[in-house]
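Chemist: If you scroll down you'll find the structure; I have some questions about it.
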Amino acid sequence: MDHMETTRLRLLRPTKQNLCDFHAIWSIPEATRWSSRGCRKTIDESREQMKGLLVENNPDGENYAVFVRMDDSSPPTSDAIGICHRHLRRISSRACEYGTFKGSYSPEYNISYWRKIPYAAPPTGENRFRAPQPPIPITNGTYDSDQTFDMCPQRTVNGSEDCLYLGLYSRPWDASQPLRPVVVVYYGGAFIQGSAAFTLPPSGYPVLNVSEANNFIFVYPNYRVNTFGFLPGKEIAASPTSDLNPGLLDQQAALVWTNKNIEQFGGDPKNVSIWGQSAGGGSVVAQVIANGGKTHPPLFSKAMASSPFWPKAYKYNEPEAQNLYDTMARLTGCAGKNSLACLKAVDVQTLRDASLIVSSSHQYNTSSNTWAPVIDGKFLTQSLTDATRRRQVNIDFGFSMYNSHEGENFIPPGLKSETNSGTPSFNSSTASFNNWLGGFLPRFSKRSIQRVKALYPEIGSTETISNYNTTYGRAQLIYRDVVLACPAYWMAGAAHKNSYFGEYTISPAKHASDTTWWNQVNPIQKSNMTIYEGFAGAFASFFQTGDPNAHKLTDATVLGVPENRSTGKEFVISEDGFHNVKIHALRERCGFWRQSAKDVPF
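Sequential numbering of the sequence shown, starting at 36, is according to our numbering.
Okay, structure coming up:
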């Protein structure tokens, strides 16, 4: 622009912080703004001619840092006015009904971010083991959200029960722009550990950054884990101030917060996806089947589950689940008539240490149940297999992935050794395999065990594994299908509209191998742009539209993601590119597991 209403500006004393390290763009009309690279050069050359840092008070409540050259009396021109590199949105506060939160901006990654926002009250005292309560109002001014927050209590001595915070980030936004899609992300960690706190560049950034055209918001909430988030038992169910599955209720509360407040940050509450990997993917599964598939009002419409970890899901009062409660009461010295009151009052580290003992009690050759969602009759009213068979789910669009060899992360390593090894001890013999299988599926009859062996023979193949001929390969495939691949297949397939399903096969294709392409910035993403753009780009397109092909970044010669229900095909990511593969064998195996679900159980 050639003229500027200088009466709208207020003079501030220049400081290094206010000068935004001279990362600037020019205050000229949107259509003709210069690139940030050219602007930095120009601002450095013109710095000595600049005099005074001015801040425009915008109706949106944002502060625009402005350089104005004052060496003549003529009106400022477009080459004399620089605005901090955030397209008029470097310093930004957002007002929610319980407080105002100041965000920050990263010129390096071109994102606005809020790293710490409380979305619920601290779950301490009587609120331990309870559904999250409303956040405490912020009454002492604007809350600076550019700070980290504690993980919930878990494996380390770090962590705090005051942990129900979330962070979010996106491309810069102001109220003149359309609202953007939103993605709420749950972390993994076997429902035992994990944290949503992020540094720069944040988790998931490669998905946003795979294309400059992408424009959506990532929300990362903390949720309670291990005994703090998943203590089962009839005592919990009977208590008016306690709830089963409070970790899942934390996740739902973060979704409620998102639907209520995300417009203030430029998000569209009518276009929300959820995403997670491992137990984060299992958390996605839980939210998809929650409330009998009738969550009201709807909190999201799209779900992406990457290797969803869905361990055996017992009813809250079944012996395996009740044993967890009784063990915790015994280990903390709380056994007796008032055990729950004692568990609520006991020191957090005592509870944490007891929880770790329970976690470590899980052994490869048994069906030991540790921390995981339970069927509680309220939030989770039915099993995964029943909910997905009836398509009683909370999504219109589903997309799930699994990795070819990820069962290897969870089975006894001794199964690949000729001699006994590991604790508990296993070897590669058929007898050792039978011992593991019986421990993994203790409710199965001899006839059912024989059916499992027939579906997973000593020498066999899958859609993408040309042959396996070891006990280790056989066992990993069983575990993979039961805990990861079939839950992924069922969840995506139950979506009311479209279903997408994929397999990651790039070696080693173990659990979390795929995250190198989309979780954190790393060189592999530039080493093969076709895989990066076709893989992370499919995620980004799905989050924005419900269709992984709508914003396809690869050219027409590269295969996209097939709609699974109509084609019977999965999207395969391999070393040589992408393939669309029929999944007859996997469908048969998952069909067997669905029929046998009550004996797994899931």
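Built from N, CA and C at the ideal position, the CB exists for glycine as well.
No experiment lies behind these values; they were computed from the predicted model shown.
Using the beta-carbon count (16 or more within 10 Å), is G482 buried or exposed?
Modeler: On the sequence shown, position 447 is the one that residue 482 refers to. The question names Gly, but residue 482 is Arg in the sequence shown. Counting Cβ neighbours within 10 Å, R482 comes out exposed, since fewer than 16 surround it.
Chemist: If you count every other CB in all the chains shown that lies within 10 Å of the CB of G442, and 16 or more means buried, which is it?
Modeler: Walking along the sequence shown from the start, residue 442 turns up at place 407. The residue is buried, with at least 16 neighbouring Cβ atoms inside 10 Å.
Chemist: With DSSP as the reference, please indicate the residues paired to P256 in a beta bridge.
Modeler: As a working note, residue 256 is residue 221 in the sequence shown. The partner list for P256 (beta bridge, DSSP) reads L201.
Chemist: Measuring only the C-alpha atoms, how far is I618 from F536?
Modeler: Within the sequence shown, residue 618 is the residue found at index 583, counting from 1. Within the sequence shown, residue 536 is the residue found at index 501, counting from 1. Taking the straight line from one Cα to the other gives about 10 Å.
Chemist: Quick check on M339: does DSSP put it in helix, strand or coil?
Modeler: Looking up residue 339 in the sequence shown gives position 304. The answer is strand: DSSP assigns M339 an E or B state.
Chemist: Nearest to E605 by CA position, among P207, G160, N438 and V428, is which residue?
Modeler: As a working mapping, residue 605 is identified with position 570 in the sequence shown. It is N438 whose Cα lies nearest to the Cα of E605.
Chemist: For I641, which residues does DSSP report across the bridge?
Modeler: No information on residue 641 is available, as it lies outside the stretch 36 to 637 that the chain covers here.
Chemist: Y507 by DSSP, collapsed to three states: which one?
Modeler: Taking the sequence shown and counting its residues from 1, the one referred to as residue 507 is at position 472. Of the three classes helix, strand and coil, the one that applies to Y507 here is helix, per DSSP.
Chemist: Sort out for me which residues DSSP pairs N438 with in a bridge.
Modeler: Here residue 438 refers to the residue found at position 403 when the sequence shown is read from its first residue. Paired residue(s): Y539.
Chemist: Quick one: is Y258 near chain C, going by C-beta distance under 8 Å?
Modeler: This model lacks chain C altogether; it includes just one protein chain.
Chemist: Does M186 pass the burial test, meaning 16 or more other C-beta atoms within 10 Å, or should it be called exposed?
Modeler: Numbered from its first residue, the sequence shown carries residue 186 at position 151. By the 10 Å Cβ count, M186 comes out buried.
Chemist: Expressed to the nearest angstrom, what Euclidean distance is found between the alpha-carbon atoms of L46 and S128?
Modeler: Translated into the one-based positions of the sequence shown, residue 46 becomes position 11. Translated into the one-based positions of the sequence shown, residue 128 becomes position 93. Only weak support exists for where L46 lies, its pLDDT of 28 falling under 50; the coordinates are left without a value.
Chemist: Find out if the Cβ-Cβ distance for the pair L621, E493 is shorter than 8 Å.
Modeler: What you label residue 621 is simply residue 586 of the sequence shown in a count that begins at 1. What you label residue 493 is simply residue 458 of the sequence shown in a count that begins at 1. Remark: C-beta atoms of L621 and E493 do not approach each other more closely than 8 Å.
Chemist: Along the chain, where does the alpha helix (DSSP H) containing P522 start, and where does it finish?
Modeler: For the purposes of this step, residue 522 is taken as the residue at position 487 of the sequence shown. Note, P522: alpha helix (DSSP H), C521 to G528.
Chemist: Please return the same chain residues whose Cβ sits closer than 7 Å to the Cβ of A231, not counting the five positions on each side in sequence.
Modeler: Taking the first residue of the sequence shown as position 1, residue 231 is located at position 196. Cβ within range, chain order: L201, G202, Y222, Y255, P256 and N257.
Chemist: Run through DSSP, which three-state label would I271 get?
Modeler: For the purposes of this step, residue 271 is identified with residue 236 of the sequence shown, where counting begins at 1. I271: helix per DSSP, three-state reduction.
Chemist: Which word fits G626, buried or exposed, when buried means at least 16 other C-beta atoms lie within 10 angstroms of its C-beta?
Modeler: As a working note, residue 626 is residue 591 in the sequence shown. Exposed, because fewer than 16 other Cβ atoms sit within 10 Å of the Cβ of G626.
Chemist: From the DSSP output, which residues share a beta bridge with S128?
Modeler: As a first step, residue 128 must be located in the sequence shown, where it is residue number 93. S128 is bridged to K137.
Chemist: So I309 and L419 are supposed to be a Cβ contact under 8 Å. How far apart are they, rounded?
Modeler: By 1-based counting over the sequence shown, the position of residue 309 is 274. By 1-based counting over the sequence shown, the position of residue 419 is 384. The Cβ separation is near 16 Å, so there is no contact.
Chemist: Short check: CB of P237 to CB of Y204, under 8 Å?
Modeler: Position 202 of the sequence shown holds residue 237. Position 169 of the sequence shown holds residue 204. Contact: yes.
Chemist: Counting Cβ pairs closer than 8 Å, one from the segment 340 to 353 and one from the segment 233 to 253, do we hit at least three?
Modeler: no
Chemist: Given this structure, state the Cα-to-Cα distance separating D590 from G569, to the nearest angstrom.
Modeler: The residue given as residue 590 occupies position 555 in the sequence shown. The residue given as residue 569 occupies position 534 in the sequence shown. Put simply, the backbone Cα of D590 is about 9 Å away from that of G569.
Chemist: Report yes if the CB atom of A571 is closer than 8 Å to the CB atom of P241, and no otherwise.
Modeler: Translated into positions along the sequence shown, residue 571 becomes position 536. Translated into positions along the sequence shown, residue 241 becomes position 206. P241 sits close to A571, with the two beta carbons spaced by under 8 Å.
Chemist: Is P346 near V487, with beta carbons less than 8 Å apart?
Modeler: Position 311 of the sequence shown, counted from the start, is the residue given in the question as residue 346. Position 452 of the sequence shown, counted from the start, is the residue given in the question as residue 487. No.
Chemist: Can you name the residues that DSSP bridges to N162?
Modeler: Walking along the sequence shown from the start, residue 162 turns up at place 127. For N162, which the question treats as bridged, DSSP gives no partner whatsoever.
Chemist: Measure the CB-CB distance between F136 and S195 and report whether it falls below 8 Å.
Modeler: One-based indexing of the sequence shown puts residue 136 at position 101. One-based indexing of the sequence shown puts residue 195 at position 160. Not a contact, by the Cβ cut-off of 8 Å.
Chemist: State the start and end residues of the unbroken beta strand (DSSP E) segment that holds E605.
Modeler: Translated into the one-based positions of the sequence shown, residue 605 becomes position 570. E605 -> beta strand (DSSP E) spans K604 to S609.
Chemist: My understanding is that H638 touches R426, with C-beta atoms under 8 Å, so please give their C-beta distance in whole angstroms.
Modeler: Summary: the structure shown does not reach residue 638, with the chain confined to residues 36 through 637, and so no result is reported for it.
Chemist: Over the uninterrupted beta strand (DSSP E) stretch that includes R215, give me the two end residues.
Modeler: Along the sequence shown, one-based indexing puts residue 215 at 180. From DSSP, the beta strand (DSSP E) with R215 extends over R215 to Y221.
Chemist: Taking the C-alpha atoms as reference points, what is the distance between Q189 and E270?
Modeler: The count along the sequence shown starts at 1 and reaches residue 189 at position 154. The count along the sequence shown starts at 1 and reaches residue 270 at position 235. Their Cα atoms are separated by approximately 23 Å.
Chemist: Does the beta-carbon of R365 have 16 or more other beta-carbons within 10 angstroms, so that it is buried, or is it exposed?
Modeler: Start at 1 with the first residue of the sequence shown, and residue 365 comes out as number 330. Counting Cβ neighbours within 10 Å, R365 comes out exposed, since fewer than 16 surround it.
Chemist: Does the pairing of the segment 320 to 336 with the segment 280 to 295 give three or more beta-carbon distances under 8 Å?
Modeler: They touch, by the three-pair rule.
Chemist: Is the segment 362 to 378 close to the segment 261 to 277, with three or more CB pairs under 8 Å?
Modeler: yes
Chemist: Let me check understanding here. Comparing Cα to Cα, which of V220, S576 and V428 lies closest to H331?
Modeler: Here residue 331 refers to the residue found at position 296 of the sequence shown. Comparing Cα positions, the closest option is V428.
Chemist: What is the DSSP secondary structure of V518, counted as helix, strand or coil?
Modeler: As a working mapping, residue 518 is identified with position 483 in the sequence shown. Helix at V518.
Chemist: Measure the alpha-carbon distance for T367 versus G581 and round it to whole angstroms.
Modeler: Mapped onto the sequence shown, residue 367 falls at position 332. Mapped onto the sequence shown, residue 581 falls at position 546. Their Cα atoms are separated by approximately 47 Å.
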